[in-house]
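Take a look at the structure below.
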Amino acid sequence: MAMKRRRTMLMLMVLGHLASALEVPLDLPQPPTITHQSPKDYIIDPRESIVIHCEAKGKPHPSFSWTRNGSHFDVDEHPNFQMKSQSGTLVVDISRERAETFEGQYQCTARNKHGTALSNNIVVRQPRSPLWSKEKIKPIIIQEGVSLVLPCRPPAGFPPPIVFWMDNNFQRLPQSKRVSQSLNGDLFFSNVLRQDSRDDYICYARFPRTQTIQQKQPISVKVLNQDPVDERRPTFLTPSVPSSSKMVLRGQVLEMECIAEGLPTPDITWAKVGGDLPATRTSFLHHHKTLRIANVSEADAGEYQCTARNKHGSVGHTIGVTVKAAPYWISGAPRNLVMAPGENGVLTCRASGTPKPDIQWAINGMAIENSPKDPSRKVEDDTIIFSQVQTGSSAVYQCNISNQYGYLLANAFVNVLSEPPRVLTPANKVYQVIRNQPALLDCTSFGSPIPKITWFKDSRSGTLDAETHTTHDNGTLEIGVAQPKHGGKYTCVARNSLGIYENHVHLEVKEPTRILKQPEYRVVQRGRSVVFECKVKHDSSLVPTMTWLKDHSELPDDDRFLVDSDSLTISDVTESDAGVYTCIMNTTLDQDSASAELTVVERPEPPTDLELTDQEKRSVQLTWIPGDEHNSPIQKFVIQYEDTLHHHRGHWHNLTEVPGTKTTAHLKLSPYVHYTFRVLALNSMGVSRPSFPSKMYKTEAAAPDDNPTDVHGFGTEHDNLVISWKPLTGLQANGPGLHYRVMWRQKVMDSDWTAVTVANNSKFVVSTTPTFAPYEIKVQAENDYGAAPEPAIAHGYSGEDLPVAAPESVQAYVLNSSLAEVHWEPVPHKLIRGYLKGYKVYYWRDGSLHKHHPHHAEKQILTFSGNHSHGKLPGLHPFSLYSFNVRVFNGKGEGPPSATQQFETPEGVPGIPSSLTVTNTNLDSLSLEWQPPHELNGVLTGYTLKYQPVNSSNEWGPEEELALAANESSVTLLDLKFSTRYKFYLNAKTHKGAGPAVTMEAVTITDEALVTHGDDHVGTGLSAPPASPFGSLNSSLGEDGPLISWEYWGLEKSIYLEYIVDDSKQGEGGDGVWRQELVNGSRNFVLRGLKEGLSYRVRLVAKGHADQELHRSQELTVTVPAVASRQVDIATQGWFIGLMCAIALLILILLIICFIQRNKGGKYPVKEKEDAHTDPEFQPMKDEDCTFGEYSDNDDHKPLKGSRTPSSGTVKRDNSDDSLVDYGEGGDGQFNEDGSFIGEYSGKSGSRDTAEGHESSEAPSPINIINSLNSFV
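Residue 329 in the working numbering sits at position 291 of the sequence shown, with consecutive numbering throughout.
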């Protein structure tokens, strides 16, 4: 559709180019051309001056004159008239005279030396709004049901007035298919009703041009209801005859009306006889009483029929329509003709009309018959033929076509010129077009003779493809489907016999704008947010503009609407936000748009206007008006009631539901209830608020309709009968004084009913009844207004007692070693004395059939519900003696047991051996010992031992099997492979078969057996404790943490070191989780990152194949010593450097004092020793950097006990400055009698390592400096 619209616009552009091809540049001589004039009918606006337009162009510029009513009109002689400069436009000042003074027919003439052009005859008229003629209107008194016409008859004005009916309050009177206004303004009633009575039916006439409204005298109508009018078939009020005719002009609007009366009000339908109504131009007004056809054409002529119909019949009316036509152009008005001397041409003035119009030609405003003869001109009806025209033949020709309905006047000049070609399109103009769209490149030219246009691309040698390029008559080049390859420079060349002219233009082909992600339909609840996305792709060289519209208009000026580059967000959505949202992406060349609808939903509004009608004793009709459904259809209405007689206020009950399409409900009611109703609406979003309650509706009391339900009879004691029932609700009571008549009798022949009355209770106890006797029971509801219908009979039994007999003929049948079946004769029903619940079998194991195996097991009970005579006892022990008895039980309890019976179970397979251990392991042999099963389940006949080797890849070797005697408990296996893992399976046997096996694994090694306990076959049984494959586990403290070392002789490849904080010593220091480190084939591992001051439990774990348990070593406790926290490296801090300099200065002063004292007091012993053993590495303090030379104590480098010494033979001292050595408390130095320190200051210089030299470059600790100072002093 969009492509078709674009091609239509393209053709209009081409036609426009063709029309403008005859435009003569204004710098060339040419006759006048009228460019603007007022319409033929000019209606004066009394508030403004009259402006009659007349504009023209020509070379030389034309002069103007006017005629009024056919006579020359001298503008200068009329002071109220003024003609604009360089224009023929008249401006008339009407403020000083009456407007009608200036009415008349005006015509403008524009002339220069090449010809004369005429304007249309412009008729100037004053609008008129005459007053309504005064009349006295009598009140209208009319019987209900008859028809009525209220006449309006507005005064004739110019233009005709707009008529409407209102009341005294200026409110428009409501109209419907029963009451409507006709085209002439009368008000028609098809039949009147009582509500039509009023005193202010007022007809108004509004005259738009004079801005006035005229009012008719009010009409009073009184409708009586004395004699009812019978219903009747329709008849027409207008038109009043069976057929009529109507004439309409082509292009105008055709309006036809049919107004009928009848009872009930008739419906009007329209049809065209022998044809169809034009769908796109047809509309119906005034409730289908008026047919309107716009832009009438000759094809709309014919007969139209309107039909009025009600249930009593129909009536029709035929309207014959004739279409006339004022003159209209067939192929457009005649066009200006430019010719070169000696050329030929044709001037055509072709029009049509009904009746056929007359054609008159004029030249320069003079009838052509009266003009000088011209041999080069020939007139043939609507055509003038020119041949061999000569210079000086230029003139303006007028063509006047008229009939009785109007006229057409057109000017067309003939201009004879000799002019070389010129291109009027601007040079180097850039055309931009979207890919795949048509491209039009202009080459508007002028020349006489008319130039021929030729197009080239890029260069004069580049010819254009005729299939994709079309050159139109006006010189425009069209490219039907533009592609990027079509972009570039184009040259158009215009040439005629007098010369040649070329012009260059440029074409750029752009990518189209496309919406990649369109906004989608949204349904959102009120108060929430919604986002519409609109992602767009466009040509990068074009500037896009995103615009959002709501319902084809701008977005509301609201902060809730947030527009981003590719989305629209609406927050806190309201119902007014619902609508169609359109995103439009515009560029200078194209646009794309997409729309989506927003529907705002919410819970419905509560229903209103509850009304009770059709009130009966047991029913009422409830009607209501639904509330706003908020775009989500109402699914159903829930009707609730409140009973203030039996319940507190505010206690509402659901009564019924009706579909959402209904607004009434017929409610069935109960007697003796004070009803108040309310209605709730339900849609997909939820339930509305309740409506306002209806008026209270009270129903009269009556006897109960129903009896109590769930009537039961049962006993709680052996000599009573309890009768219970579900009481009636207050709604079911139907009246005051509700009570119950309870009746019962024993279910025997000729038994009489016993009755009691019970109130405010739901049960009654009958005493002294026989045990478990059947009874018939009835409970009837009664109130002060009577009794309910006869109740149904219920059945029950009096109370139960314990059974008095035991089952007989009890015997057992053994089915296999673990299952037996017990049989018995059922106890007679009368001896059960109650409801039979079932039988219970008590059984217990007396012991095994082996000697010296007594067993005292607890009794077990199996219950068989219902009337059974046998049951199975599962899960018995083989080779055992069992005792049992049987008892019957009812709702009261169990009866006496039957005589105790016994049965024996046969042998079964034995249990798993109690244990399996390995002893005396050698290089190629080992011994196994075991214990027999705890559960022999028969007489043991022997053991079966199976074993097979397992290699390091967990692959199984060949299996060996040994049969062992029942009295054996050990065996020695010879010729086994050295250092090989074996898996063993041992099971015991009876005559019934072999039992489950106990399994284990063992390894043949040099020193000791490595034994692991594997899973047994059935997940039970015992085995020897596994021996650990780990040897000694040791630890030592190193620089990076504790070093754990161990020995391992196992075959497993996955070895883990596990450690955990020892919570028993550390309080809350641990988190209870074992951490793992994979160590595999290594024999030592350093635990890094342990917390100082904590103890850790450490162990090793070896993982084997899937069937093997984990091997764990013994646990080792490792304690990490507490060390003072490391100081932050502050050696580069400014304050620290300043502090060190101050300390150094202080030390320097002290040293000076020290040396002075020495010089005075002689040498100390330590001084002599210092002189004898001068440390070559000791350096005095340097003044320039305030630092001391290196000082070290060999004791500082001694490793901790148990630590490993690095291979380099050196140990770096810890970075902490808080060691005891630094404080002078941890070395081996001694003090002499005077307190001087006599220990060695330093070790040999040769013992220093290069690494220590690097360490000495660090800033010295203040503590070390003070200690060094103490050693000097």
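Yeah, the Cβ is synthetic: ideal placement off N, Cα and C, and Gly gets one too.
CB residue i to CB residue j, shorter than 8 Å?
| i | j | result |
| --- | --- | --- |
| LEU911 | LEU954 | no |
| ASP935 | ALA844 | Position check: residue 935 holds Pro in this sequence, whereas Asp was assumed. Closer than 8 Å, so yes. |
| VAL569 | LEU636 | no |
| GLY753 | ILE761 | no |
| VAL852 | THR957 | no |
| THR421 | THR463 | no |
| PRO302 | ASN333 | no |
| ASN923 | TYR877 | no |
| GLN470 | LEU627 | yes |
| VAL261 | VAL230 | yes |
| TYR1086 | PHE1068 | yes |
| SER921 | THR938 | yes |
Tell me, which residues are paired with residue i by DSSP?
| i | result |
| --- | --- |
| LYS897 | Beta-bridge pairing links LYS897 to no other residue. |
| THR1157 | SER1133 |
| ILE1312 | Residue 1312 lies beyond the stretch modelled for the chain, which goes from 39 to 1311, so this question has no answer here. |
| VAL1313 | For the chain, the structure presents residues 39 to 1311; residue 1313 sits outside this window and is missing. |
| GLU295 | THR328 |
| ILE397 | ILE439 |
What do you get for residue i, buried or exposed, if any count of 16 or more other CB atoms within 10 angstroms of its CB means buried?
| i | result |
| --- | --- |
| ASN474 | exposed |
| ILE251 | exposed |
| ILE1187 | exposed |
| GLY126 | buried |
| GLY931 | exposed |
| GLN442 | exposed |
| VAL848 | buried |
| ASN158 | buried |
| CYS481 | buried |
| ILE200 | exposed |
| PRO948 | buried |
| LEU974 | buried |
| ASP338 | buried |
| ASP1252 | Note that ASP1252 has pLDDT 40, beneath the 50 cutoff, so the model's placement of it is unreliable and no number is given. |
| ILE815 | buried |
| SER990 | exposed |
| GLU738 | exposed |
| ASN449 | buried |
| LEU1095 | buried |
| ASP1054 | Summary for ASP1054: the model assigns pLDDT 39, below 50, so the residue's position carries little reliability, and this model does not support an answer. |
If distances are taken between C-alpha atoms only, which option among the options comes closest to residue i?
| i | options | result |
| --- | --- | --- |
| GLY370 | TYR242, ALA830, LEU447, VAL452 | LEU447 |
| THR147 | LYS394, ARG1019, GLY403 | GLY403 |
| VAL62 | ASP234, GLU141, LEU375 | LEU375 |
| LEU660 | THR701, THR463, ILE82, SER670 | THR701 |
| ALA741 | GLY513, THR328, GLU820, GLY724 | GLU820 |
| ARG1135 | VAL1158, LEU1116, ASN1122 | VAL1158 |
| GLU1006 | TYR242, PRO996, MET1038, TRP968 | TRP968 |
| ASP496 | PRO489, HIS510, ASN466 | ASN466 |
| ILE672 | VAL696, LEU683, ASP681 | VAL696 |
| ASP884 | ALA895, ASP131, ASN798 | ALA895 |
| THR651 | ILE175, GLN209, LEU705 | LEU705 |
Checklist line | 4 or more residues per run - each alpha helix (DSSP H) lying fully within the region 93–167 | finding: Annotation: the region 93–167 contains no complete segment of the alpha helix (DSSP H) (minimum length 4 residues).
| query | Which whole runs of the beta strand (DSSP E) in the region 309–361 are 3 residues long or more, in chain order? | reply | 320–323, 328–331, 340–348, all fully within the region 309–361.
TODO: Counting only runs of 4+ residues fully inside the region 933–1004, write out the alpha helix (DSSP H) ranges in chain order.
DONE: Scanning the region 933–1004 from its first residue to its last, no whole alpha helix (DSSP H) run of 4-plus residues comes out.
Any chance you could list the beta strand (DSSP E) runs of at least 3 consecutive residues sitting entirely within the region 730–763, in chain order? Whole beta strand (DSSP E) segments, 3+ residues: 747–752.
What are the start and end residues of each continuous beta strand (DSSP E) run of 3 or more residues lying completely inside the region 1005–1033, in chain order?
Correct list: 1008–1011, 1019–1028.
Q.
My parser needs the beta strand (DSSP E) runs of 3 or more residues fully inside the region 826–852; what are they?
A. Listed in chain order, they are 832–835.
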